[in-house]
Amino acid sequence: MEVIYSVYEAKARFSEVIRQVREGKTVTVSYRGEPVAEISPIKREQMPTLEHRLDDLERQGVLVRSHARHALRPAKRREGALARFLEDRHE
570 MEVIYSVYEA KARFSEVIRQ VREGKTVTVS YRGEPVAEIS PIKREQMPTL EHRLDDLERQ
630 GVLVRSHARH ALRPAKRREG ALARFLEDRH E
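Take the sequence shown: its letters are residues 570 to 660, numbered as in our numbering.
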């Protein structure tokens, strides 16, 4: 069974549309009776892994990876910061 919603209905029932897509159905959205879009489930094999996406960004020159692993040190803590903060709020 084909599921068709007008743009107005799809907007008003968006949660229902998404529920149907999650169940594996493809939902068609129409505008003035003409189909204009299909919402379908994503096939997991189509989704790139994080590593593949990072590789793509690196090839595009958007990202430069650092291969060195540096240990992070905690920020220096000053004693009494909370007390100073609360004191400033009451002034």
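Each residue gets a CB set at the ideal place from its N, CA and C atoms; glycine is no exception.
- Closest option to Y577, judged by alpha-carbon separation, among R601, R646, G593 and K645: R601.
- Contact between the segment 587–594 and the segment 605–615 is present: three or more C-beta pairs spanning the two stretches fall below 8 Å.
- Residue state for V586 is assigned as helix, using DSSP reduced to three classes.
- Listed as beta-bridge partners of V596 by DSSP are V572 and I608.
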